[in-house]
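Asker: In the UniProt record's numbering, the protein residues as written are 5 to 555. If you scroll down you'll find the structure; I have some questions about it.
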Ligand code: ATP
Ligand code: MG
Ligand code: MG
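Structure below.
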């Protein structure tokens, strides 16, 4: 994470500092509190906070809370928690609603200068008058309304005299501009709705474009970074700041959104998944939300490393989900303590192991990192192994357990399968095996070669655990790609598999929410932050091992 690959925005910042245009860097991250943040937002967070930190500046977290109908304090709290979790500290916490009074005054300034007017065409008429890409717009009959009249109406809009939609305030720019955003954009609308922070104080609310650039200027933002769809809004951003006595004029710079395949990344769609119950909440481990990824077992380090590696550019692309998974694997591979868990247990009786005895074997916490120390692995006469690690009629190159065959039990010794005990329906109930005492780890016989090593858990010590395995939320790379179909049709019906009766080592059962492990040969798992309890663990598979069923 220390090497910070260069990008065009970083170069602009360096130039601005070198030329003396700016003496510091102030960026902002401006989420709307209308949902939880997703992995795409993390790209913007890493970029804004990372850049400011690198050059000794600061980042404001500013809630873009200009639409009272969809926003809430709960969402705002969740957003703060997610940004903190990612590892970033805002220098200032601001709200666009902090500036409502000032935004209003600036609008009055525009009206006084003949650069804004109160419109009474309907929304539909406004759309119609606006023209198209190939056709210029037409002037509204209200475009030349005297300033005094607009000021009076605007004041009464604010006071709550009119119903929603009766009037809007429009900037008076250029109805024939090739850029449709400049054809007299609406900057205020009536919304007789209480706001989660300003209560009943306002009956009009500013539009995003109006609130955004001015908020940037009020806060002394130097570089206002946003996604490419706002490129066409930049002339408007600049026009607003050029036509009011703005304290400064930040530079808007656009970059490509971060996209991942097999998921959706718009809050509207994510909200629909939650509200219609297709997932179990915003933090469902299958969701691309930061809260979902956290619950799934993603670490902030892995997400920061991922976006750092992906870089920032102006070309749109869709990143393979496997790249994100790999970032997590790389992180957990280094940090996760090792343990053994059996997800689909079948019992093995070691017939030559004394009844009623137990022992504790020493194993490294991490095979490549001695500094992580050692752990104790319980062993007794009965153990669990994976059902898939035994085959009665195996193919030729099967190196796990088979009748008459041998495997090594990880950290213990070699066993041989003598007897297969089956239920009436042919299901294997128990395997009777003998162990080779000479082959214990540490003894000379330990070097005896057998082809397979399998994991296991002592039956007397193992604790039953619920294991949740996740697959992609959608079964196609781009669920929004086919405009003729509803994206919900592409939900993957097998995205969640619940295993109610896996067995884990006792130490894992004592783990806390958020603790993670590599279960050897199986994958990386984390205690579910909501449902796991000491003694009755619930573990989420964060990510598989590179090769899940290696010998
Ligand atoms: P969505 O469409 O998912 O609701 P949004 O842009 O409406 O996203 P905001 O809360 O307004 O959501 O986003 C806050 C900031 O995060 C904005 O500056 C936005 O540009 C940025 N952002 C949102 N999605 C992405 C993404 N996929 N990649 C990079 N930045 C993003
Ligand atoms: Mg937005
Ligand atoms: Mg949005």
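Don't be surprised by glycine CBs; every beta carbon is placed ideally from N, CA and C. Quantities reported herein were computed from a predicted structural model and do not represent experimental measurements.
If contacts are defined as beta-carbon pairs under 8 Å, then residue 376 and residue 509 qualify, I think. What distance do you get, rounded to the angstrom?
Answerer: With a Cβ gap of about 16 Å, residue 376 and residue 509 do not count as contacting.
Asker: Between which two residues does the beta strand (DSSP E) holding residue 474 run?
Answerer: 467-474
Asker: Quick one: Cα of residue 231 to Cα of residue 267, how far?
Answerer: 19 Å
Asker: Using beta-carbon positions only, say whether residue 61 and residue 28 come within less than 7 Å of one another.
Answerer: yes
Asker: Does residue 93 get closer than 7 Å to chain B when you measure Cβ to Cβ?
Answerer: In summary, chain B is missing from the structure at hand, where a single protein chain is found.
Asker: By DSSP, does residue 47 sit in helix, in strand, or in coil?
Answerer: helix
Asker: Taking 8 Å as the limit between beta carbons, can you name the residues of its chain near residue 547, skipping five residues before and five after?
Answerer: Answer for residue 547: 301, 329, 332, 333, 336, 527, 528, listed in chain order.
Asker: Leaving aside the five residues before and after residue 37 along the sequence, list all residues of the same chain whose C-beta is less than 7 Å from its C-beta, in chain order.
Answerer: 67, 69, 75, 76, 79, 80, 83
Asker: Answer yes or no: the CB of residue 270 versus the heavy atoms of ligand 1, is any distance below 6 Å?
Answerer: At a threshold of 6 Å, residue 270 counts as near ligand 1, since its beta carbon sits closer than that to one of the ligand's heavy atoms.
Asker: Among residues of its own chain, excluding the 5 on either side of residue 341, which ones have a beta-carbon nearer than 7 Å to its beta-carbon?
Answerer: 369, 370, 376, 521
Asker: Would you call the CB atoms of residue 33 and residue 49 closer than 7 Å?
Answerer: yes
Asker: Any heavy atom of ligand 4 inside 6 Å of the beta-carbon of residue 217?
Answerer: In terms of ligand content, the structure shown lacks ligand 4 and carries ligand 1, ligand 2 and ligand 3 instead.
Asker: Kindly indicate which three-state DSSP category residue 546 falls into: helix, strand or coil?
Answerer: strand
Asker: For residue 151, which residues from the same chain have a beta carbon less than 7 Å from its beta carbon, with the 5 sequence-adjacent residues on both sides left out?
Answerer: 115, 116, 118
Asker: Going along the chain, which unbroken runs of the alpha helix (DSSP H) with 4 or more residues stay wholly within the region 130-210?
Answerer: Those alpha helix (DSSP H) runs which fall completely within the region 130-210 and span 4+ residues are 151-163.
Asker: Assuming residue 263 and residue 321 form a contact by the criterion Cβ under 8 Å, report the distance between their Cβ atoms to the nearest whole angstrom.
Answerer: Indeed they touch by this definition, with Cβ atoms about 7 Å apart.
Asker: Run through DSSP, which three-state label would residue 461 get?
Answerer: strand
Asker: Decide yes or no for the touch test of the region 158-170 against the region 212-229: beta carbon pairs closer than 8 Å, at least 3 of them.
Answerer: no
Asker: Helix or strand or just coil, what does DSSP make of residue 4?
Answerer: Missing from the structure shown is residue 4; the chain here goes from 5 to 555 and no further.
Asker: Which residues in the same chain have their Cβ closer than 7 Å to the Cβ of residue 39, if we skip the five residues on either side of it in sequence?
Answerer: 79, 271, 274, 275, listed in sequence order.
Asker: Comparing C-alpha positions only, which one of 124, 303, 432 sits nearest to residue 43?
Answerer: A check of alpha carbon separations from residue 43 across 124, 303, 432 identifies 303 as the nearest.
Asker: Could you tell me whether any non-hydrogen atom of ligand 1 is closer than 6 Å to the CB of residue 351?
Answerer: no
Asker: Thinking C-alpha only, which one of 108, 254, 188, 353 is nearest residue 209?
Answerer: 108
Asker: Between residue 26 and residue 226, which are expected to be in contact by the criterion C-beta below 8 Å, what is the C-beta distance as a whole number of angstroms?
Answerer: 5 Å
Asker: For the alpha helix (DSSP H) holding residue 225, just list the boundary residues, first then last.
Answerer: Segment: none, residue 225 is in no alpha helix (DSSP H) and carries neither H nor E.
Asker: Is any non-hydrogen atom of ligand 1 found closer than 6 Å to the C-beta of residue 36, if you look at the structure I gave you?
Answerer: yes
Asker: Given 8 Å as the limit, is there contact between the region 384-399 and the region 440-453, that is, 3 or more CB pairs closer than that?
Answerer: With the cut-off at 8 Å, the region 384-399 and the region 440-453 do not touch.
Asker: Within a Cβ cutoff of 6 Å, which residues of the same chain sit near residue 553, ignoring the five residues on either side of it in sequence?
Answerer: Caution is warranted here: a pLDDT of 34 is assigned to residue 553, below 50, making its placement in the model unreliable, and no coordinate value can be reported.
Asker: By how many angstroms is the C-alpha of residue 30 removed from the C-alpha of residue 162?
Answerer: 32 Å
Asker: Classify residue 381: buried if its beta carbon has 16 or more other beta carbons within 10 angstroms, exposed otherwise.
Answerer: Answer is buried; the Cβ neighbour count reaches 16.
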